[in-house]
Amino acid sequence: MSNTVTRAQLSEAVYQEVGLSRNESADLVESVLDEIADALARGDMVKISSFGSFAVRAKGQRVGRNPKTGEEVPILPRRVLVFRASHVLKNRINERFGAERSVQA
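In the working numbering, each residue carries its 1-based index in the sequence shown increased by 102.
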């Protein structure tokens, strides 16, 4: 498996784990992703238990610099997507990382 998980791979995992048809699995994944995207577009926070939370944060205007010329450039206000992993997910990631580090040692 590659280092990037695609929609098709998520659909295939649902197909194998849940037993829905491939089309139903793809529709389910699309529906979940659409609902998350719609909620974020409305400015809602999305919390997924034992996984993490997605939120939209407003960033104000600030002054940046062009790295080539050093000239000050205004960076316009915008909204950014932020993700905060749950402790359960962080622990799961770090347990796997710890196992990989002990194998390398």
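Even glycine gets a Cβ: it sits at the ideal position worked out from N, Cα and C.
Item to check | Residue of Ser152, Asp146, Val107, Ser127 minimising C-alpha distance to valine 116 | outcome: Reading the sequence shown from its first residue, position 14 is the one you call residue 116. Taking the Cα of valine 116 as reference, the smallest distance to any Cα among Ser152, Asp146, Val107, Ser127 is reached at Ser127.
Next on the checklist: Please return the same chain residues whose Cβ sits closer than 6 Å to the Cβ of arginine 159, not counting the five positions on each side in sequence.
Outcome noted: Along the sequence shown, one-based indexing puts residue 159 at 57. The beta carbon of arginine 159 is closer than 6 Å to those of Val182, Val184 in its chain, skipping five residues each way along the sequence.
Next on the checklist: Just to confirm my understanding: we take arginine 109, look at its own chain, exclude 5 residues before and 5 after, and list those with CB closer than 8 Å. What are they?
Outcome noted: Within the sequence shown, residue 109 is the residue found at index 7, counting from 1. The residues are Ala128, Val131, Glu132, Leu135.
Checklist entry - Quick one: what's got a C-beta closer than 8 Å to glycine 166's C-beta in the same chain, skipping five residues either side? => result Sequence index remark: in the sequence shown, residue 166 carries index 64 (1-based). Its chain contains Glu174, Val175, Pro176, Ile177 as the residues whose beta carbon lies nearer than 8 Å to that of glycine 166, once the 5 sequence neighbours on both sides are disregarded; these appear in chain order.
Item to check | Buried or exposed (CB count within 10 angstroms, at least 16 for buried), serine 151 | outcome: Here residue 151 refers to the residue found at position 49 when the sequence shown is read from its first residue. Counting the other Cβ atoms within 10 Å of the Cβ of serine 151 gives fewer than 16, which makes it exposed.
Item to check | Pick from Asn193, Glu119, Ser188 that is closest to lysine 149, judged by C-alpha positions | outcome: The sequence position of residue 149 within the sequence shown is 47, counting from 1. The closest CA to that of lysine 149, considering only Asn193, Glu119, Ser188, is found on Ser188.
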